[in-house]
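Number of protein chains: 4
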Amino acid sequence: MNLPSPFSGIVPPLVTPLTGRDQLDHAGLERLIERTLAGGVAGLFILGTTGEGPSLSYRLRAEVIRESCRLVKNRAPVLVGITDTAFVESVALARVAAEAGANAVVAAPPYYLPEGQPELRDYLEDLLPEMPLPFFLYNMPSLTKVSFEVDTIRRFIDDARIAGVKDSSGNMVYFHRLCHLLRDRPDWSIFMGPEELLLDAVLAGAQGGVNGGANLFPALYVALHQAAARGDFARARHLHDVVLEVSSRLYQVGRHPSAIIKGIKCALSLEGVCDDFMAEPFRRFRPEDRDRIAEVLATLKATVTRALSAPTTA
Amino acid sequence: MNLPSPFSGIVPPLVTPLTGRDQLDHAGLERLIERTLAGGVAGLFILGTTGEGPSLSYRLRAEVIRESCRLVKNRAPVLVGITDTAFVESVALARVAAEAGANAVVAAPPYYLPEGQPELRDYLEDLLPEMPLPFFLYNMPSLTKVSFEVDTIRRFIDDARIAGVKDSSGNMVYFHRLCHLLRDRPDWSIFMGPEELLLDAVLAGAQGGVNGGANLFPALYVALHQAAARGDFARARHLHDVVLEVSSRLYQVGRHPSAIIKGIKCALSLEGVCDDFMAEPFRRFRPEDRDRIAEVLATLKATVTRALSAPTTA
Amino acid sequence: MNLPSPFSGIVPPLVTPLTGRDQLDHAGLERLIERTLAGGVAGLFILGTTGEGPSLSYRLRAEVIRESCRLVKNRAPVLVGITDTAFVESVALARVAAEAGANAVVAAPPYYLPEGQPELRDYLEDLLPEMPLPFFLYNMPSLTKVSFEVDTIRRFIDDARIAGVKDSSGNMVYFHRLCHLLRDRPDWSIFMGPEELLLDAVLAGAQGGVNGGANLFPALYVALHQAAARGDFARARHLHDVVLEVSSRLYQVGRHPSAIIKGIKCALSLEGVCDDFMAEPFRRFRPEDRDRIAEVLATLKATVTRALSAPTTA
Amino acid sequence: MNLPSPFSGIVPPLVTPLTGRDQLDHAGLERLIERTLAGGVAGLFILGTTGEGPSLSYRLRAEVIRESCRLVKNRAPVLVGITDTAFVESVALARVAAEAGANAVVAAPPYYLPEGQPELRDYLEDLLPEMPLPFFLYNMPSLTKVSFEVDTIRRFIDDARIAGVKDSSGNMVYFHRLCHLLRDRPDWSIFMGPEELLLDAVLAGAQGGVNGGANLFPALYVALHQAAARGDFARARHLHDVVLEVSSRLYQVGRHPSAIIKGIKCALSLEGVCDDFMAEPFRRFRPEDRDRIAEVLATLKATVTRALSAPTTA
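So the sequence lines, in the order shown, correspond to chains A, B, C and D.
Basically the numbering used here = 1-based index in the first sequence + 491.
Basically the numbering used here = 1-based index in the second sequence + 491.
Basically the numbering used here = 1-based index in the third sequence + 491.
Basically the numbering used here = 1-based index in the fourth sequence + 491.
(1) Please say whether Gly542(D) and Arg746(C) have beta carbons closer to each other than 9 Å?
(2) Identify each residue in the region 684 to 703 of chain B for which the Cβ-Cβ distance to at least one residue of chain D is less than 9 Å, and report them in chain order.
(3) Between the region 657 to 677 of chain B and chain D, which residues of the former have a C-beta closer than 8 Å to a C-beta of the latter?
(4) Starting from the C-beta of Leu788(C), find all residues in its chain whose C-beta is less than 8 Å away, skip the five residues before and the five after it, and write them out in chain order.
(5) Taking a contact to mean a Cβ-Cβ separation below 9 Å, would you say Gly572(C) touches Ile537(C) in this structure?
(6) Residues in the same chain with beta-carbon distance under 8 Å from Ile648(A), minus the five sequence neighbours each way, listed in chain order, please.
(7) Please report the straight-line C-alpha distance between Arg557(D) and Pro600(C), rounded to a whole angstrom.
(8) For Val502(C), I'd like the list of residues in its chain whose CB is within less than 7 Å of its CB, leaving aside the five on either flank, ordered along the chain.
(9) Exposed or buried, which one is Thr507(D) when buried takes at least 16 other CB atoms within 10 Å?
(10) Taking Lys657(C) as part of the beta strand (DSSP E), name the residues at either end of that continuous run.
(11) If you draw a straight line from the alpha carbon of Arg526(A) to that of Asn630(A), how long is it in whole angstroms?
(12) Please compile the residues from chain C whose C-beta is within a distance smaller than 7 Å of the C-beta of Ser738(D).
(13) Is Ala805(C) buried or exposed, if buried means 16 or more other CB atoms sit within 10 Å of its CB?
(14) Can you check whether the CB of Leu505(A) is closer than 9 Å to the CB of Ser559(A)?
(15) Find the residues of chain A that neighbour Leu741(C), judging by a C-beta separation of less than 8 Å, and give them in chain order.
(16) Got a sec: which bits of the region 622 to 648 of chain A sit with their beta carbon under 8 Å from any beta carbon on chain C, in order along the chain?
(17) Strictly below 7 Å CB to CB, what residues from chain B border Pro503(A)?
(18) Can you name the start and end residues of the alpha helix (DSSP H) that Ser496(A) belongs to?
(19) Could you check the C-alpha separation between Arg512(C) and Gly519(D) for me, to the nearest Å?
(20) Where DSSP assigns a beta bridge to Phe627(A), which residues make up the other side?
(21) Closer than 6 Å by C-beta to Asp516(C): which residues in its own chain qualify, once you throw out the five before and the five after it? Chain order, please.
(22) Tell me whether Gly722(B) is buried or exposed, calling it buried when 16 or more other Cβ atoms sit within 10 Å of its Cβ.
(23) Which bits of chain B does Tyr603(A) rub up against, with CB to CB less than 8 Å?
(24) Is it buried or exposed, Ala692(B), if we count other Cβ atoms within 10 angstroms and call 16 or more buried?
(25) Which class does Gln514(A) belong to by DSSP, given the choice of helix, strand or coil?
(26) With C-beta atoms as the reference, is Gly703(D) less than 9 Å away from Ile755(D)?
(27) Return the first residue and the last residue of the beta strand (DSSP E) that Ser680(A) is part of.
(28) Would you say Phe708(A) reaches chain C, if we count a Cβ-Cβ gap shorter than 9 Å as a contact?
(29) Beta-carbon of Pro748(B) versus every beta-carbon of chain A: anything under 9 Å?
(30) With DSSP as the reference, identify every bridge partner of Gly704(A), one or two as the case may be.
(31) Please report whether the beta-carbon of Thr507(D) lies at a distance below 9 Å from any beta-carbon of chain C.
(32) Relative to the C-alpha of Leu561(D), which residue among Glu521(D), Arg781(D), Leu611(D) is closest?
(33) Please tell me whether Val733(B) and Val795(B) are closer than 9 Å, where the distance is taken between their beta carbons.
(34) Suppose the cutoff is 7 Å on Cβ atoms and the five residues either side in sequence are ignored; what does the same chain contact list for Glu640(B) look like?
(35) To which residues does DSSP link Val744(A) through a beta bridge?
(36) With 16 other CB atoms within 10 Å as the buried threshold, where does Glu590(A) fall?
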């Protein structure tokens, strides 16, 4: 199965359901996949930041890849995060992904010692020839300390192995410049990470979003994308406000950057989708935080249901 | 072989000699080990930042561990970097280290999603029971984005599994507070990372340094440590000035953070010690940079020789 | 003259034309004001970041205020930047502004020692009672080191003295949350600083932009604002692309943050509008940079003219 | 009165005692000056960061300068902070200082729009000819966003108008390189800002410290400086530990960067030295924080007294 062309829509960065250290929650993964596919998503992104990719053993990452591909059964493209500080391991993961039938791989810069832009260029020159699948660049400077600058990406503008870019910088000026690359590569897909900017992104010409909240409310993000893409601005604004409410309420329980993943996993666990075990160094929310998530979740579910059932304008 | 008590002196963070992608330079590693041991170092630290640990495949990391221990033959303690974003892989590396006969392991915080201090505490609580060897905390906030705050470390003040701390923050206020922990744990060893602060560190009560330049000029750093430790302040200041000259000249060829490792590997290659291949995403210096290193190296060697042959004062 | 209600559109942050140290370029200021008013701007903002406010002596700041108000003659509201690290001087400037007939004042947080949010709250509680004119909060964290967090602003949601917010953070997630305040204060005006985000801002519900490029091409920014405000998305996207081209070409000559102001002043000088003397610590562009600006300017003028003369769609 | 040569020792950065907005606490200032002079300090630094210089009106800054010089009566050199974002105001303050009989001026980079190093060079070239008194560079990157890089300072190595450098970066690697400049300018004085690094600084060759805690315990910092300067390392280490205790206890009440100044002013107020009113945007500690300071102060006073009365070793 090739990537569809154009490849657009919502591609949830799936959490990785775990039952314990180094143990995949198989049933949870299946429920999560069925739920998001039923929500109308355009593809699935596994082993990204939300999927705790860098926290998982290689054995487990391979298991997640194989199991996800097996469960998806080509109903939607599977994108696999291969971001790693060890080049050889990224390549190995890409091969596992290709063998398992995944459709693309996604890599952020190696994230220990920060690279200069010429070094990122060298890196891509070394990595791309080893890639058995279409390749997405993943810009995530808050975690990798460096950006793929637009001028750096432009140097690979004719590279047929690249299929697009996922940007999680939150920097809309950068994102606008990124979208200008589509003039020369209309086949690329540019995806927005932070869901609060999904509407801005589609209006800027992007193909879609890789938004954590779509694990929980896939239909909400799909509806927002569709409204924006078809020019129904009033409805898009309304759904965008709901997304802002999800993000401002669900991701603020807990004070550290891990709060987003913990919040999504906790909500999924409350919904009966999957376990909320977190890979070390993190731990699941304690009872008091879980109670707050339960409270927030009840309100949000009502809000989302109401927003989705509203008659489509325009 | 246990860690000596007290464990003090210079412990070079060895570069990892490579002949190509995923290929260890065995002969180079042997020459490097013999050279540093001959320089009087107190131990060897492999697979740290200078050793490009996070850039190496797990297979290669295991090979480096086994081969280093085999070559050292218990002539000095071997400390093994197990820093990783995947908990399970850190534990696996620690086991390889223990089986190979290494003497301690060293870990910085998992360096993708930044942890809050309570999360670092949870992490240590999870990790320490799995450690088959004495454990050093490695504080490296510029690369991991978080510090082991002194209050966090203090919570483990009675933990017999911890053998000390390596601090590469460059923050002397922090370092002074760290050294105060020695009052309660006189058996701990506190090591300074940045070589420009080795003298300050010893005067602050630290046991020694884990200094990159000791790959190249082990005797210089050993002499500086000894002069400072025995109170020969005049000689220590003189050797300290030479170390500052090494760092200001050798590490400034190239503009990115990788310049330090590239500079040391390049100089070692010029000295005939080992190959200067860099693990991806980095590449060895190009000819023009290599020429500049050669020039700098010639001057520095003369300066170091002169400094070391000067009659000991006091 | 009161602020219009609603107060929306483009409010250029005027450069301060100078003929030398502490010397106002009167004729240049007059030409600049006439040019921007002719371009259809909704108001003028003097002594902001682009106006080098913090670099000017108090005597000169008072002169700029009085002279601008005299020249504008109530044809448009004049907003006066009173940002200062000294509270008493901010208050004094606000009084000068009120006496001169200005229409509002604008203040970013005192920018030396960074304030916590409770301290910013105290500051506003102290400052607002002293303000003789409607007050705009100015969020500029890259220069002041702190943000007016949305929760902090919300505490003043009922304060009649506040007329709106100018946000130059470049953070669209923040900006969306800011715009939600308009639900409770529909009389407020929220303005976007970075011109690359003017379109996003209007689509997010903002009233307009305070964009540096409007010193040079006022009609371009006015046209973009109007197209976006009336829902002519195709034309807005087109003009937005021209704005991106202005910003990517005109502001990149020179490597430091001052390059934007130097570039605008240099272009205005080439256009015969005013002198390009910069207040210390900065200096005007040297001949080679001026030549590059001249080259860029020629192209941009043609592009802007073409874009503005295109038939209005929709 | 000229600056002594060499100029070394402790130069407290005096707090500015205030009785209310824009009102100097004359009696408090006199008591503070007498107290610090009695403690043996080498000079006084007014209107620095601790002195809330940038928060004060120009009228008040002039009053502080004149009043301080009048009270000191040439018993010690007075250094005056003229740091400002407005060049013309810095020059004006320097002239007030010269007329009042001060002995030197001190300036950090203008701190609104960050300068590149060539711009800092231009700035010094413009500023130095206007200076009527010996000039100290003040490196304070956490507040000004830029450093005077050592290479930038080196360009002025032959400038007779420069008398030295105060460094508050907390970066000891930088500080060591700074001290190397003394080889070419043995008449310069290099002072350390953060008191936790005073001992390190003297051992690195610096002339002294500009340490906030010396407002409260001048004799402690003077004794530490003297012990370190005469090579009494055991006593210096002991006093250094007391300084660390002051800093870790007194400056940690309150969570924002202002906590240091608030803590010192509060303690001085409890000691009956001066009022603790803070210039806006800050406010004095509330009763509960004041109670904590009172508690900490009681302990610290006992510790300091004990340390100072201990028999001098060596």
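All C-beta atoms, glycine included, are put in the ideal place defined by N, C-alpha and C.
Let me spell this out:
(1) no
(2) Pro685, Glu687, Leu688, Leu690, Asp691, Leu694, Ala695, Gly696
(3) Gly661, Asn662, Met663, Val664, His667, Arg668, His671
(4) Leu741, Ala758, Leu761, Glu762
(5) yes
(6) Leu672, Asp675, Arg676
(7) 29 Å
(8) Val532, Ala533, Gly534, Leu535, Phe536, Leu570, Phe682, Gly699, Val701
(9) buried
(10) 653 to 658
(11) 27 Å
(12) What Ser738(D) touches in chain C: nothing, since even the nearest Cβ is about 17 Å away.
(13) The predicted model places Ala805(C) with a pLDDT of 42, which falls under 50 and marks its position as unreliable, so this point remains unresolved.
(14) yes
(15) Within 8 Å Cβ-Cβ: nothing; Leu741(C) doesn't reach chain A, min ~14 Å.
(16) none
(17) The contacting residues do not exist; Pro503(A) stays about 18 Å from chain B at best.
(18) Ser496(A) -> no alpha helix (DSSP H), and no H or E assigned at all.
(19) 38 Å
(20) Val597(A), Gly655(A)
(21) Pro508, Leu509, Thr510, Cys765, Asp766
(22) exposed
(23) Thr540, Pro545, Ser546, Tyr602, Leu634
(24) buried
(25) strand
(26) yes
(27) 680 to 683
(28) no
(29) yes
(30) DSSP, once it has assigned bridges, lists no residue as partnering Gly704(A).
(31) no
(32) Going by the sequence as given, residue 561(D) is Arg instead of Leu. If we check each option's Cα against that of Arg561(D), Glu521(D) comes out closest.
(33) yes
(34) Gln608
(35) DSSP lists no partner for Val744(A).
(36) exposed
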